[in-house]
Amino acid sequence: MNHTTPIKTASRWSGALRRKLAGSPEFETWLEQAAQDPVTPARIDQWFLDATQAESAEAIVPLDTLRKALREIRSQVFYTILVRDLAKLADLKEVVKAMSYLADLAIAQAYRTVATELAEIHGTPIDPSTGKPQEMLILAMGKLGGRELNVSSDIDLIMLYEEEGETGGRRKISHHEFYGRVTQRMMPILSEPDQYGVVFRTDLRLRPDGDSGPLAWSLDALENYLVTQGREWERYAWLKARAVPAKAFDDSDPKPQRAQLEALRRPFVYRKYFDFDALSSLRALRERIREDWNRRATRRNGIDATHNIKLGDGGIREIEFVVQLNQLIRGGRTPSLQKRNLLKALKQQFSAGIIEETLSRRLEEAYLFLRRTEHLLQYREDEQTHLLPHNPELREELAFAMGMAGSEFEETLNAHRAFVNGTFRNAFRIAGMGESQEEENDNPTMDTSPDELEDEVKAYFGEASESVAQRIQALMKSHRIRSLPTSSRKRVKTLLPAMLETAHRTSNPEQTAIRLCDLVEQIAQRSPYLALLAEYPETLARVARIIGASPWAAQYLRQYPLLLDSLIEWHSLMDPPNFNELAQQLRSELDACLLPSGQPDVEQQMNLMRDLQRQISFQLLAQDLGGVLSVEKLADQLSALADMLLNETIERVWPMVQPKEQRHQPVPPHHFAVIAYGRLGGKELGYASDLDLVFLYDDEREDAAETYAKLGRRMASWLSTMTSSGRLYEIDLRLRPDGDAGVLAVSVDAFEQYQLTHAWPWEHQAITRARFAAGDPVVGERFEATRRKVLLLERDPATLYKNVKEMRSKIAAGHPNRSELFDLKHDRGGMVDIEFITQYLVLSHAREHPVLLENLGNITLLKLASEAKLIPAVLAREVSDAYRVFRKAQHSLRLQGAEAARVSQDEFVVERDAVIALWNTVLPD
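In this note's numbering, the protein residues as written are 142 to 1066.
Structure below.
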């Protein structure tokens, strides 16, 4: 039988462990017991208390005791996870979490001891604004920031403090000097070797100005540096930056300082818009990874970089770059991507639909394999190495330690590295950025002046060349262009020839060229978008196709230029939206919108919902112009989008109306529903339609009326307030009981009583198209029951006839048509006539024919009425066809920028005659 123990298995590979056991035989007994259980933060805390004999983790440990204890604990953690890892008892998560927690503990304890001792001499640094002790902020960078530290790793730290000032003792010194001394005295505790070893080698060179800068920086100085001098590679470095939970003074409160720090870090790392200007810097960083780091590894080690599993081709650093590139490009717009931990970030990118499942899975598998290999290399001699052994026998030993045969290990390693390297080389295409024109073309477009374009304009546009040339001249003379930096005005000139050529290839060259000029003038102050159009010809071509097809689309794009980002991902843009997935993703993004204090960032949440509404609407617009959506399907999709956003608005607003003293408790369920009327009620929503809404609740609490009225006000504000991203929807709440004079939210009982006893006849017409849209389904069911009761009321035929005819006359009077054109919606024989016919049929015949009770849309209801022998089948079909034709024509006119849907009297004569015939059959004069 094989009686090999985990310690013997680990000792076969690790010379460091063999030496440790040889020098300390009693340690083997301790280790055998310790390795049986996971290394958790609680166990590390207990080992610290055992080593220091301290009563608690908050106790001040003398300096000499602390130095020895930290080194002893580091040894315990290192060798315990070594044994567990080689015995496959610990996964990567346990290993890196243990090392990261150990580093946090060591930093916090070193800081606490040093700062306390220094304060006894010079006094405590005081926050001038609060009068309380001011802590130093210790920022963990790199893998420690992401809590994914190697087993034998340096730690990168940046030391910060909030405000300048003086300490409070008799031997006062400045805060700058105090924190500088704290930093100096901490470093030996952590990184100076002695007979007990070392805790962590510590590197402070990632601080602003590197070795030439002060050891500790104030937050004001840091902010000035990041704003005026922060470089793209520093955004990459600061992505993982995390404040270590360290505290020296009992009555201090470091939370506001950490919140202030996070308020600086986030906007520096994550930009609201896709930052195309930064792409060249990020490409340069990729090349630095691909070339310079490899050369540096070769110089330092004298070994081919292919043996370096961190910096070599297909190494760990390439995986990090692929994942963090997506975060840098998209994290500002998609808050859920703002993860410090690489594996969490990778999984979130898959969840958010940024990368495909296969890519996510294979990158994770490669990362886990490479990180475990890296750890085994470091376990061998407890040194920070990333180099695979050259010696074939050692390679066999490494494979055995990994639990694999030599050939299997080499094949697996090579496959992972090949995949990672290919992914890394295509990182910008995977991120949806493609490659710039300069990279694909050694001869970029000439810097051409408008005058030099005269021949091209004439060649491309013929008789229309004069109007295009005039628009180009006006563009270059406009204030927006003239006020640009010189580099941006070169960029616009460079873009002009490409714009002309692209417009020429569309079906509407002249107007496309003019609209492109309008767009460029609008976005001129946003250099990232100029860079996008100048460097990505495919995106420019997509823009041209869309704005050439529709002046309304051109105006929409000018109004919301962030939609240009969507055109990068053309394939996903042309996919039908999955509203279940969108709802889950939206909720995840909104949950991630937090202020540094941890409270919801309401402004960011409101903007994010508005941005999403624009993005999905634009996605549908692209599909609409591409001919892949019918008008009916488009309206269904826009209505589903509104329903989704209404549901999420309730969820975000409901906690805000709870009493302040209860907000720390679980939020009670709401008993609230949004009822949609009009176009949303009939699922006939257009791109810019208002929402006709009624708010209902069903709650017996004493404060229900006040609470739900407040909820209604909050919802109205959330939906219609103008923010930097615009307005979510225009809403109309006048269809609630008693209109503007009524309360914003109505109980279901009061609503039912009003509808059955006090509602005007036109309100019963309106309810035929009403439906539950969002909120509590139970309240929605109660509304639907009320709606059925209303529709089943016994009505006097003559009175109903009179009321419907009078309301139709009022509608006509309110929309006079003094032109010689036919108004598709309001004129006799148009869409309103069809809607009134359907409403009248429902109200007059639903008692005898319950099939008419459901809100199924005009076309289906006409079909059901014909099957019930209420109207002629032929007329029902003809009017249904007419309704489809009218809606399609109305939609096309809106896309062409028409304010009113009017056509020549010679058009749609057959359709109008059919509608008039049915009107005269159902509602004869």
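We put the CB at the ideal spot given by N, CA and C, even for glycine.
Proximal residues to E581 (C-beta, below 8 Å), its chain only, five neighbours per side dropped: Mapped onto the sequence shown, residue 581 falls at position 440. Here E581 scores only 38 on pLDDT, less than 50, and its place in the model should not be relied on; the value that follows carries that caveat. Exclusion of the five residues before and after E581 leaves no residue of its chain whose Cβ lies closer than 8 Å to its Cβ.
Beta strand (DSSP E) segment containing P937, residue limits: For the purposes of this step, residue 937 is identified with residue 796 of the sequence shown, where counting begins at 1. Looking at the sequence shown, residue 937 is not Pro but Asp. Neither: D937 is in no beta strand (DSSP E) and is coded neither H nor E.
Burial state of D205, where buried means 16 or more other Cβ atoms lie within 10 Å: The sequence position of residue 205 within the sequence shown is 64, counting from 1. It counts as exposed.
Simplified DSSP assignment, three categories, for T526: Against the sequence shown, residue 526 aligns to sequence position 385. Coil.
Rounded separation between S477 and P741 - CA only: Residue 477 sits at position 336 when you count from the first residue of the sequence shown. Residue 741 sits at position 600 when you count from the first residue of the sequence shown. Our two residues, S477 and P741, have alpha carbons roughly 13 Å apart in a direct line.
Among E333, D335, L360, M327, nearest to E1068 - alpha-carbon criterion: Residue 1068 lies beyond the residue range present for the chain, which begins at 142 and ends at 1066; the question has no answer from this structure.
Simplified DSSP assignment, three categories, for V815: As a position in the sequence shown, residue 815 is number 674, starting the count at 1. Note: V815 maps to strand in three-state DSSP.
Under 7 Å between C-beta atoms of L1005 and V992: Within the sequence shown, the letter at position 864 stands for residue 1005. Within the sequence shown, the letter at position 851 stands for residue 992. Contact annotation: L1005 and V992 have beta-carbon atoms nearer than 7 Å.
Span of the beta strand (DSSP E) around L832: Position 691 of the sequence shown, counted from the start, is the residue given in the question as residue 832. 832-838 is the extent of the beta strand (DSSP E) around L832.
Classification of R160 by the beta-carbon crowding that lies within 10 angstroms, buried from 16 upward: One-based indexing of the sequence shown puts residue 160 at position 19. Within a 10 Å sphere around the beta-carbon of R160 sit fewer than 16 other beta-carbons, which makes this residue exposed.
Cα-Cα separation, M277 to P182: Taking the first residue of the sequence shown as position 1, residue 277 is located at position 136. Taking the first residue of the sequence shown as position 1, residue 182 is located at position 41. Answer to the nearest angstrom: the Cα atoms are 23 Å apart.
Classification of E960 by the beta-carbon crowding that lies within 10 angstroms, buried from 16 upward: On the sequence shown, residue 960 is found 819 positions in, with the first residue counted as 1. The sequence shown places Ser at residue 960, not Glu. By the neighbour-count rule (16 or more Cβ atoms within 10 Å), S960 is not buried but exposed.
Alpha-carbon to alpha-carbon, V661 and P692: If you number the sequence shown from 1, residue 692 lands on position 551. If you number the sequence shown from 1, residue 661 lands on position 520. The alpha-carbon atoms of P692 and V661 are separated by roughly 15 Å.
The stretch 833-844 touching the stretch 864-876, judged by at least three CB pairs closer than 8 Å: At 8 Å Cβ cutoff, the stretches touch.
Nearest candidate by alpha-carbon position, reference R406, set M282, I709, R424: Walking along the sequence shown from the start, residue 406 turns up at place 265. A check of alpha carbon separations from R406 across M282, I709, R424 identifies M282 as the nearest.
Alpha helix (DSSP H) segment containing I495, residue limits: As a position in the sequence shown, residue 495 is number 354, starting the count at 1. From DSSP, I495 is part of no alpha helix (DSSP H); its letter is neither H nor E.
H516 beta carbon less than 7 Å from that of I450: Within the sequence shown, numbered from 1, the residue matching residue 450 stands at position 309. Within the sequence shown, numbered from 1, the residue matching residue 516 stands at position 375. The Cβ-Cβ distance between I450 and H516 does not fall below 7 Å.
As assigned by DSSP and simplified to three states, the class of N649: Reading the sequence shown from its first residue, position 508 is the one you call residue 649. Coil.
Length-filtered (4 minimum) alpha helix (DSSP H) runs lying within the stretch 316-365: Counting only runs of 4 or more residues that sit fully inside the stretch 316-365, the alpha helix (DSSP H) segments are 316-332, in chain order.
A665 vs R699 beta-carbon contact at 7 Å: Here residue 665 refers to the residue found at position 524 when the sequence shown is read from its first residue. Here residue 699 refers to the residue found at position 558 when the sequence shown is read from its first residue. With a cutoff of 7 Å on beta-carbon distance, A665 and R699 are scored as not near each other.
Close Cβ partners of Y895 (< 8 Å) along its chain, the five nearest in sequence each way excluded: Start at 1 with the first residue of the sequence shown, and residue 895 comes out as number 754. Cβ neighbours of Y895 beyond the five flanking positions: P878, D879, V887.
Euclidean distance between Cα positions of D890 and V808: By 1-based counting over the sequence shown, the position of residue 890 is 749. By 1-based counting over the sequence shown, the position of residue 808 is 667. Between D890 and V808, the C-alpha separation is close to 25 Å.
Close-in-space but distant-in-sequence residues of the same chain around A210 (CB under 6 Å, 5 per side omitted): Counting from 1 along the sequence shown, the entry for residue 210 is found at position 69. Closer than 6 Å at the Cβ level, and outside the excluded window around A210, lie A192, T193.
S606 - DSSP class collapsed to helix/strand/coil: Translated into positions along the sequence shown, residue 606 becomes position 465. In the three-state DSSP reduction, S606 falls in the helix class (H, G or I).
Backbone secondary structure at E579 - three-state DSSP: For the purposes of this step, residue 579 is identified with residue 438 of the sequence shown, where counting begins at 1. Low confidence applies to E579: its pLDDT is 39, below 50, so where it sits in the model is not reliable, and the reading given next is rough at best. Residue state, collapsed to three classes: helix.
Identified DSSP bridge partners for I314: Against the sequence shown, residue 314 aligns to sequence position 173. Beta-bridge partners assigned by DSSP to I314: none are found.
Supposed close pair G822, N996 - CB separation, criterion 8 Å: Your numbering for residue 822 matches position 681 in the sequence shown. Your numbering for residue 996 matches position 855 in the sequence shown. The beta-carbon distance between G822 and N996, rounded to whole angstroms, is 7 Å. This is short enough to meet the 8 Å contact definition.
Nearest candidate by alpha-carbon position, reference A954, set V798, V464, R969, R383: As a position in the sequence shown, residue 954 is number 813, starting the count at 1. It is R969 whose Cα lies nearest to the Cα of A954.
Beta-carbon spacing of I296, A244 below 7 Å: Position 155 of the sequence shown, counted from the first residue, corresponds to residue 296. Position 103 of the sequence shown, counted from the first residue, corresponds to residue 244. Cβ atoms of I296 and A244: closer than 7 Å.
Whole beta strand (DSSP E) elements within the stretch 817-902, 3-residue minimum: Those beta strand (DSSP E) runs which fall completely within the stretch 817-902 and span 3+ residues are 832-838, 886-888.
Cβ distance (whole Å) where L994 is taken to contact S1021 below 8 Å: In the sequence shown, the residue the question calls residue 994 occupies position 853. In the sequence shown, the residue the question calls residue 1021 occupies position 880. Taking the Cβ atoms as the reference, L994 lies roughly 19 Å from S1021, outside the contact range of under 8 Å.
Residue of I757, E364, T848 minimising C-alpha distance to P796: Residue mapping note: residue 796 aligns to position 655 of the sequence shown, counting from 1. For the residues I757, E364, T848, the minimum Cα distance to P796 belongs to T848.
Q746 and L731 closer than 7 Å at C-beta: As a working note, residue 746 is residue 605 in the sequence shown. As a working note, residue 731 is residue 590 in the sequence shown. A distance below 7 Å separates the beta carbons of Q746 and L731.
DSSP beta-bridge partners of E307: As a working note, residue 307 is residue 166 in the sequence shown. DSSP, once it has assigned bridges, lists S315 as partnering E307.
Delimiting residues of the beta strand (DSSP E) encompassing R912: Numbered from its first residue, the sequence shown carries residue 912 at position 771. Looking at the DSSP string, the run of the beta strand (DSSP E) that includes R912 is 912-916.
Identity of the residue in L869, S668, Y366, R372 nearest S629 by Cα: In the sequence shown, residue 629 corresponds to position 488, counting from 1. Its Cα nearest to that of S629, the residue S668 stands out among L869, S668, Y366, R372.
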